[in-house]
Structure formats: structure tokens, C-alpha cells
Amino acid sequence: MALEQFSDVVQRCQAVQDEKFSPADFDLFQTAGKTCIEQGDSAQVLSIIVDERNKDIVRCMGWNLLEPIVKVLLSKEDRNLPHCHAILTHLLQTCSPKELLVGLLEQVEEADSDTIPEAIILLLKPLQTVLLKLGVRKASSVGMALSTLLAQVAQLPVPLSKEQEEDDVFGLCRCCTELLLFIRPFVEEVKENLNNNRGFSRNDELRGEILKFCMKSLSEPLLEVQLKDPDALEKSPLRDFASEILVILSSIGESLPDLLCHSVLRKREVPGFMEEEVRYPKESLASLAHLLFVKHIAMERFPAVLSPVFLLQCNMEYIELLLSRTEESRVQKGLELYEKTLVRVEDGSLPVDLLDLKTFFSVPQNLVKVMTLCPVQNLRTKGLSVFQLSIDKFNTEAKYKFFRCMLRTSEHAGVEGYIIKNIKTQIDSALRPGYGNEWFLGKHLLPLLHQVLCLPQGPETDLLHNLDRIMESLNLLRYLLIRDKEWQNETGVWSELYRMEENFLKPLRTGLNMSKAHYEAELKSAKENKRSSGTEAKAPTCTVTVGNESLPNMTPEMQLQVLQSALYTFDLMESVLARIEEIAEARGRV
1 MALEQFSDVV QRCQAVQDEK FSPADFDLFQ TAGKTCIEQG DSAQVLSIIV
51 DERNKDIVRC MGWNLLEPIV KVLLSKEDRN LPHCHAILTH LLQTCSPKEL
101 LVGLLEQVEE ADSDTIPEAI ILLLKPLQTV LLKLGVRKAS SVGMALSTLL
151 AQVAQLPVPL SKEQEEDDVF GLCRCCTELL LFIRPFVEEV KENLNNNRGF
201 SRNDELRGEI LKFCMKSLSE PLLEVQLKDP DALEKSPLRD FASEILVILS
251 SIGESLPDLL CHSVLRKREV PGFMEEEVRY PKESLASLAH LLFVKHIAME
301 RFPAVLSPVF LLQCNMEYIE LLLSRTEESR VQKGLELYEK TLVRVEDGSL
351 PVDLLDLKTF FSVPQNLVKV MTLCPVQNLR TKGLSVFQLS IDKFNTEAKY
401 KFFRCMLRTS EHAGVEGYII KNIKTQIDSA LRPGYGNEWF LGKHLLPLLH
451 QVLCLPQGPE TDLLHNLDRI MESLNLLRYL LIRDKEWQNE TGVWSELYRM
501 EENFLKPLRT GLNMSKAHYE AELKSAKENK RSSGTEAKAP TCTVTVGNES
551 LPNMTPEMQL QVLQSALYTF DLMESVLARI EEIAEARGRV
């Protein structure tokens, strides 16, 4: 029945003059042709559409057969495959390229998650054929095709292991490899015009579309992928894809150093229809920086004359972007990029002027969030390592300013304690003979010491919540009183000890006495409650607070352990405080 309808509509349309087919003719051609192909009559459909008498009909209506043809080709029904391949080939030769483009892209878009790789691989060659027929005005169509294809590729999961990439379990590797073959003739066209010194006049738009493809590929999928090194995976399609994207950028006239330094150098006046932010997305440039400096892809195209400090300055904006994200892959790449850029810089060489740049303030703040809030243990550990590495690269004046800034802004006792430990290290170096570090001695050091040796809320400060900072502060003061002789007083600590006593030691002593009394009372109450309850488990009868948060319900034994642990901590704090008071008194300062 469907085959008869298809034959009838084709015969009727043969008599129509000037291709003035009615909407009803279009509808019947599409529905009957679709049914024929679905029912396995593709051989008969092929014989009809290759008939020379039906050439005009096929040119106008044939693209409507793409949907059932693609469906058969994806299902790989052996009996109909040769005929459907032949129909598709004939349509590509006969139909309007613009209508074919729309029809083919519709099939790409309609592919579900399970068939995306097969649909893309099947349709890339037909799409390329159609686009090449469009001549010099194909740029916007190329851009539309690339955008549609990448949007579908972005839906594919990325391989997480070497085995997943080798087996290409998600189809991403095949798609990326085929995309490179698809775009090659368009890249060659742009290169040819560049080589002929025709600049970007006629082909600027095509060049722009290829640039957008490269930028989009750098962010998706390449920023999502953890590329394997050659020693781990000798043949890596995704690494090859990344390498080729950077080669394409260079071949269409984009300088990799200029791209990397885009945020630092003056905005370039580039002819074309795209704004700078659209042309060079920051996330894509961050991916480029990671490929260059961490994976060393295309580094042979990068000049070695740029100073490590300048490269760090260029990369800081990308590091800031990556570390501000919550995705594990972004954070990891931010840490890797920061580390690899820092190791190029000589220790103690970064000048204080860099701290006036926004990124040299925001990156440490983001790094602190990684160190304290990231749920992934190895990233927190890596964050601390990179944080210390960044400190080591500053000169002494920059370290001084950085420490003061971090103490004001970190709002995390553990981070503040770590900074104070670094301050102690710098003071120790400054006290060595011949070191000559004025920033961690005398008049410069004292404001920093007063910033360290204080309690945020005086005697009411939560001592357990601020334990790391308080203990490091006490250890620093004890070190200074022992290491710096009173008669030398190089650090100035002896001149200001009376202020430190008023602002730090006495409030701390008061806070310790209050806290110990409170916890001892709680411990006594908990023991009495346990005795009165006997062996029967009961809900907790006292509230235990650590870090300004109430602990969840606990057994009486757990309550006792927490309270006893707090008291041990207060005893430790008090022992260091007592030692400081003893040293000061022995030297006649109390």
C-alpha cells in the first residue's frame, strides 16, 4: 500500500511544471517514502529516486527521506543497508545542500544518549560533503554544524581510567578522532588563504568558526578529561585530539603565547564579528594553559624567552577560575597548573608589587577553600602543598605583606596557625648571622606580632575552635623569648612584652580558667548522670559544644571522653602559657 502511494505521488509530480509541488505532495512523499523504508522496501524506493525522470522531484523533496534512512543505517539491518547507503549517496548528489544540512543536523540532534557516537560517526562524512558544496558562503553553516556536533559530544561521559579510554566505552574517543577528519578541509582552506596573503577578508568568518570550535573543544570535552601521559597510555586518542586542537589554532594564525597572555596583554584589535570575550573564553584559555604547562602538549611551539614570573602572572587568572569551581576535575587542574607554573619560579624571587594584583589575593583565598572545604582528601593535601610552595616563591617583603593579609582574611584557625608557623620560620632565618632580613625583625615585625598575639573575642574566645591559632601563637612567643636574648632584643619582643601580656597572655589566662571551670563542671555532671543511670543507656543530659556547633547525641561514655579530651587540651595550652610566664618572670619582666 505504501509503495503504491509512493509510486503514485512520484508519477503525479512528474507532470507538475516548474517544480510547483503542493504541500500535500510533500506530505505524501515523506510519509509514504518513510513507511516504505521502514517496511523494508528500500530497494524499490532506490529504483524510483534514481530514475532520471524523477530528478527534479528528488532534488526538492528527497531530503525528507533522511530520517528513515538514518534510522535503518543506525540499526544496521543487513538486508536494507546497501540500498539505504545508495539512497543516501544519491540524495547527497541531488538534493539542495542547505536542505540536506538542516535534515542531517536534525538527525544529529535527535540522537539519544545511547546512539550519539554512532549517529555522529555515521553523519560526519555526509555533513562534510554537503558543507563543501556550499562554496565560499559556507562559514555560518560550518559554524552551525560544529556547534551542533560539539553539543552532542559534550553529553558523552569522559573516560576515567586507562582501560576506559583504550576500550572507548563511551564513544568519545572515536567522535573526537572523526571530528578532526571532518574539520580538516575547512582548516586547509583558511590556511591556504593565509598563505596567499589574503588575510582575513573573505574567510575571516570561516576562520572565526574554526576558532570557536577550538575554544569550545578546549572547555568541552578537554577540560573535563584527565589526559594520560605517554608512559601510562602510549596511544591516547584524547591526547591526540588535544594536540591537534593546538596545532589548528597555530595554523589559523593564533599565537599560543598571545592566547596564554591574553588576560595580561592589552586587548588586541582583531577584525571580525565576535567580541573578545566570545572569541577567547577564559575557561578555554585555562584549559590551554593546563595543556601547555602541565601536559607539555605543543610546548615546542611556545617560546622559552618568556620569564617564569610573567608566565605566572598570565596563568593566575586561569588558576583563579579553576580553583573557584567545585568540580573535582577543575580543582585538580587548577592545583596542577599553579604548581607547574610555580616550580619554574626561583624561590624568594616574587616581588611585593605582585600582591597588588587582584589574582594574587583571590587565588590564595580560593586555595584556602580547597584546603579546608574540599571533600576530596588528596586535593586538600595537594592544596596545602601548593599553598606552601607559593609562599616559598615570595621575597621577604612580599611574605610579610602576604602573612598580614592572610591573618586578616582567612577566618580559619587552622590556616592562621599554619601562617603563624611560617612566620616563625622567617623569624628564625632573620635571626641567623648575616641574613639581614629587616621585615621579620624590629619595627616591621612588631605590628605582625601584635596581629598574631591576640584573642579574637578576648577572654570569651572559643579556645577549642581557635586551638590551632592559639597554640602556634604560644609556641611562637615562647620561641622568641628563648631565642632572642633580652639584651639583644633583635625582634623587639622584649620591648613590647607588656602589651602582649595585656592583649594576649592575661585574656588567655582568664579564658583558660573560665573554660576549665566550665568543662570540669560538665564532666562532674556527666559522671553523676552516668552513675545515676546505672548500666541503662540514656539520652545525653548535657550539651557539648565544639567549634560553635553542638555535638550530636552521644552515649554517656562518649560524653566523658569528649569532655576529658577538652580538659587535656586546656592543660596543654596552660603548660605552654605557664612556661612563657616563667621565662618572662625569670628575666624580670613580670
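Quick note: the sequence shown uses the UniProt record's numbering, first residue 1, plus one each step.
Positions of the beta carbon are idealized from the N, C-alpha and C atoms, including for glycine.
All of these numbers come straight from a predicted model, not from anything done at the bench.
8 Å or more divides the Cβ of residue 394 from the Cβ of residue 448. In the structure shown, residue 394 adopts extended strand secondary structure according to DSSP, grouped into three states.
With contacts defined as CB atoms closer than 8 Å, residue 397 and residue 363 fail to qualify as a contacting pair. If you ignore the 5 residues before and after residue 442, its C-beta comes within less than 6 Å of the C-beta of 492, all in its own chain and listed in chain order. Taking the Cα positions, residue 291 is about 30 Å away from residue 109. Residue 359 and residue 351 have their alpha carbons spaced roughly 14 Å apart. Annotated three-state conformation of residue 350 is strand, per DSSP. Cβ contact annotation for residue 523 (same chain, cutoff 8 Å, sequence separation greater than five): 560, 563, 564 and 567, in chain order.
Of the residues assessed, residue 452 falls on the buried side of the cut-off, its CB having 16 or more other CB atoms within 10 angstroms. When 262, 248, 283 and 252 are compared, the shortest CA-CA separation from residue 298 is found for 248. Residue 364: member of the alpha helix (DSSP H) spanning 359-373, first to last residue.
Between the alpha carbons of residue 376 and residue 468 lies a distance of about 22 Å. Within the same chain, Cβ atoms closer than 7 Å to the Cβ of residue 5 are found at 28 and 32, the five residues on either side in sequence being excluded.
Separation of the CB atoms of residue 499 and residue 450 is rounded to 7 Å, and the pair is thereby assigned contact status at 8 Å. Spanning the alpha carbons of residue 512 and residue 577 requires a straight line of approximately 10 Å. DSSP, reduced to helix, strand and coil, places residue 20 outside both helices and strands of the structure shown, so it counts as coil.
A direct Cα-Cα distance of roughly 40 Å separates residue 302 from residue 111. The three-state secondary structure of residue 1, taken from DSSP, is coil. Collapsing the DSSP output to three states places residue 43 in a helix.
By alpha-carbon distance to residue 474, the top candidate from 503, 486, 15 and 490 is 503.
Straight across, the Cα-Cα distance linking residue 437 with residue 336 is about 32 Å.
In summary, residue 181 is exposed, with fewer than 16 beta-carbon neighbours lying within 10 Å of its beta-carbon over all protein chains present.
Here residue 580 is buried, its C-beta having at least 16 other C-beta atoms within 10 Å.
Straight through space, the alpha carbons of residue 494 and residue 573 are spaced by roughly 22 Å. Taking 4 residues as the minimum length, the alpha helix (DSSP H) runs contained wholly in the segment 225-255 are 237-251, in order along the chain. Sixteen is the threshold: since fewer than 16 other Cβ atoms of the shown chains lie within 10 Å of the Cβ of residue 160, the residue is exposed. Between residue 206 and residue 190, the beta carbon gap of about 6 Å places them in contact (Cβ cut-off 8 Å). Taking C-beta separations shorter than 6 Å and ignoring five residues to either side along the sequence, the partners of residue 35 in its chain run 2, following chain order. Secondary structure at residue 59: helix, using DSSP grouped into helix, strand and coil. Per DSSP, residue 436 lies in no alpha helix (DSSP H) and is assigned neither H nor E.
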